[in-house]
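Please read the structure below before turning to the comments.
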Amino acid sequence: MSALVHAPGFGLALTLAAYLGAGELHRRLGRPALLAPVLVAMVVVSVALELLGIGYAEYLASVSVLTLLLGPATVALALPLLRSGRALLADRLAVLVTLVVTGVVSVGVTVGSLVLLGAPDDLVLTTLPRSVTTPVALTVGEAIGANTTLAVVLTLVSGVLGATVGPWLLDRVRVSDPRARGFAIGAVSHGIGTSRALAESDVAGGWSSAAMVLNALAMTVALPVVARAFS
């Protein structure tokens, strides 16, 4: 049993099985937001690793192929963006205003709450990239001197929470327009949220992809400027 658990491909098989099982459970239960496949799979894998005594480094090496595919998968999310290009241009003013307001609120809430709580400057720097997609968070994190490992964890947590709670919250405030739903989800929960928006509709997925890409571009410019105050 120990040989099987510590085999090179065990972590990959565990991750795929957990995600496929979570996806099937999500579909059978009517796609509830709080049982998003990414969240359920994350919990299942974490518990399994703890019970089986598999260290993070060993697991990370086992799923290295998934890490390599992260970049191409993020690029592939631009396809819905291309399909929604004309609609985005038609509403460019609303898109621009929403993007600016979202960025200001996201950074303002993050920095403001940590400063009020007396967090050290290095922690503030590490939390800044949390609202951009993981490959961009890594690049920006390195540029501003953040702890990239923790920055990626915070990015994933932000994505999972946005994909899980976002649709539920939008339902509660009666936001039904797929463009608004998609843009809101993509702006705060990047790739994970975009995959969730795509499950709703191609329109929501396209606008979520647009928000993810545009937010990443804006934050790549804005975050190094904000970081200067804490470095």
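Be aware that the sequence shown starts at 814, since it is given in the numbering used here, and climbs by one per residue. Ideal placement from N, C-alpha and C gives every residue a C-beta, glycine not left out.
Is the distance from the Cβ of Ala939 to the Cβ of Ala959 below 7 Å? It is Thr, not Ala, that sits at residue 939 in the sequence shown. Going by C-beta atoms, Thr939 is nearer than 7 Å to Ala959.
Can the beta-carbon of Ser1021 be found closer than 7 Å to that of Ile998? Taking 7 Å as the Cβ cut-off, Ser1021 and Ile998 qualify as a contacting pair.
Sorted by chain position, which residues of the same chain lie with C-beta nearer than 8 Å to Leu825's C-beta, five sequence neighbours on each side aside? Ser875, Val876, Val878 and Leu879
So, for Pro991: in the same chain, excluding its five sequence neighbours on each side, which residues have a beta-carbon less than 6 Å away from its beta-carbon? Ser1014, Val1016 and Ala1017
Can you give the Cα-Cα distance for Ser859 and Gly975, rounded to whole angstroms? 20 Å
CA-to-CA distance, Asp935 to Ala1042, given in whole angstroms: 11 Å
Anyone know if the C-beta pair for Thr1045 and Leu951 falls short of 7 Å? For the chain, the structure presents residues 814 to 1044; residue 1045 sits outside this window and is missing.
Contact check, Val1001 vs Ser944 under 8 Å by CB: the rounded distance? 6 Å
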